[in-house]
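Some notes on the structure that comes next.
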Amino acid sequence: MSCLKIEELSVRYSTSSGALTAVDRVSLDLCPPPSSQALALVGETGCGKTTLALAVLGLLPANAEASGRVLYEGRNLLDLSEREWSRLRGDRISAVLQNPSLALNPVYTIGHQIGEVFRIHRGDRRDDAYQKAAALLERMKLGDVKRRLAMYPHQFSEGMNQRVLIAAAVALKPRILVADEPTKGLDADLKSAVIEELRIAGAESETALFLITHDLDAAGILCGRIAVMYAGEIVEQAEARAFFAEPKHPYAQALLDSLPERGFLAIPGHPPALTAPPQGCRFHPRCPRRMEACRDIRPETSTDAGWEVRCHLYR
């Protein structure tokens, strides 16, 4: 089975202000349906979510160093060369990255960029690839398909470019789809359309969705499991329905309480700088339930009936 297993993954950056650990010993599993459920990774901006996605996709910048293992089909993806990645990325593992208008190449038409997926990975002729690209745009309901294929990314809205990226990402029915903030900056109608396309991609092609997002509404709609990240660590992981009904970690509780329908309560304080995270529990400076142990002792992860939580309250 084509499962993605992240084991003790850490990512460290070298910066002008010192080294920082953006991802700290993270372990997660993701398998295609029907054996598993889509997984959402949620948390505040700057907690390490996008860095984790880039590590999984082999797209970390030169000043980043990753350790641990990201296992897929018997291989540690951290060890792959760029040539090996070029055969895998876009085919078995695909991505919808942030800033769709920047992710698309401005000098090539939309039809060329979607069709290129079929030419590179399936060896299709140009005409065949163009027809498949047209079928994908038709499914995305982007209107006059023939005209759209000849247009360039700057002639599309942000929402339209997002759907183009999704079309290219699901074109080959990948086993793993990493979607990084796919609803960011979209109005309500476009957000609903993007969520529906991601839902269809998982349902029709048995694609395992790994959703990286701060959009808890999208996470609840699309994913069966939720993992919560804070300051580079996973602090809670649970089945989505149970999580939204009664989160356990104080940070997860505060995150849900910040939703408009739950009172729109701001989380006090600010996330810590990853160059110098607090000792002990990293959330303790902002936590209303902190104890003496929280200041000095890093809590271990407790597991109960598939529910994982890193907090001294659950020792």
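Numbered per the working numbering, the sequence shown spans residues 1155 to 1469. Think of the CB as a built atom: it goes at the ideal place given N, C-alpha and C, for glycine as much as any other residue.
- Setting aside the 5 residues that flank it on each side, Ser1171 is surrounded in the same chain by Thr1429, each with a C-beta closer than 7 Å to its C-beta; the list follows chain order.
- Under the three-state reduction of DSSP output, Val1261 falls in the coil class, being neither helix nor strand.
- Straight-line spacing of the CA atoms in Ala1192 and Arg1379 works out to 6 Å.
- Exposure of Val1261 is indicated by the presence of fewer than 16 other C-beta atoms within 10 angstroms of its C-beta.
- Taking 9 Å as the cut-off, the Cβ atoms of Ser1168 and Thr1175 do not count as close.
- Around the C-beta of Pro1404, 16 or more other C-beta atoms lie within 10 Å, and the residue is accordingly described as buried.
- Met1305 sits in coil when the DSSP states are folded into three classes, being neither helix nor strand.
- The continuous alpha helix (DSSP H) containing Lys1286 extends over residues 1280-1293.
- Taking Pro1188 as reference, the option from Leu1158, Gly1356, Arg1293 with the minimal CA-CA separation is Gly1356.
- In this structure, the beta-carbon distance from Gly1265 to Ala1288 falls below 9 Å.
- Scanning Lys1402, Leu1413, Ile1366, Leu1256 for the CA closest to the CA of Gln1309 turns up Leu1256.
- The straight-line gap separating the alpha-carbon atoms of Cys1157 and Leu1242 is approximately 14 Å.
- Bounds of any alpha helix (DSSP H) do not take in Leu1467, whose DSSP letter is neither H nor E.
- Taking the CA atoms as reference points, Asp1178 sits about 19 Å from His1368.
- Shown here for Val1271: same chain residues with a beta carbon closer than 7 Å to its own, the five before and five after excluded, namely Gly1244, Ala1322, Ala1325, Leu1326 in chain order.
- Around the CB of Phe1418, fewer than 16 other CB atoms lie within 10 Å, so the residue is classed as exposed.
- Rounded to the nearest whole angstrom, the C-alpha separation of Ile1247 and Leu1410 is 31 Å.
- In this structure Gly1313 is not in contact with Leu1291, their Cβ atoms being roughly 14 Å apart against a cut-off of 8 Å.
- Annotation for Ile1160: the continuous beta strand (DSSP E) segment containing it runs 1158-1169.
- Counting C-beta pairs with one atom in each stretch, the segment 1377-1397 and the segment 1199-1209 have three or more that are closer than 8 Å, which means they touch.
- Around Pro1426, the same chain offers Ala1385, Pro1432, Arg1436, Pro1439 as residues with beta carbons nearer than 8 Å, after the five sequence neighbours per side are excluded.
- Sequence-distant partners of Leu1234 (beyond 5 residues in either direction) whose C-beta falls short of 8 Å from its own C-beta, in its chain, are Gly1212, Leu1242.
- Taking all protein chains shown into account, Asp1334 has 16 or more neighbouring C-beta atoms within 10 Å of its C-beta and is therefore buried.
- In the assembly as shown, Thr1205 is a buried residue. Its beta-carbon has 16 or more other beta-carbons within 10 Å.
- With respect to Val1224, Ala1209 sits close: the two C-beta atoms are nearer than 9 Å.
- Residue pairing for Arg1223: DSSP places it in a beta bridge opposite Glu1161.
- Shown here, Glu1390 sits in a strand according to DSSP, grouped into three states.
- Annotation note: the segment 1354-1404 contains the following uninterrupted alpha helix (DSSP H) runs of length 4 or greater, listed N- to C-terminal: 1370-1376, 1394-1399.
- Distance from the Cα of Ser1346 is smallest, within the candidate group Ala1396, Glu1360, Arg1416, Ala1373, for Ala1373.
- Pairing Ile1366 with Ala1207, the inter-Cα distance amounts to about 7 Å.
- For Gly1172, the enclosing beta strand (DSSP E) begins and ends at 1172-1184.
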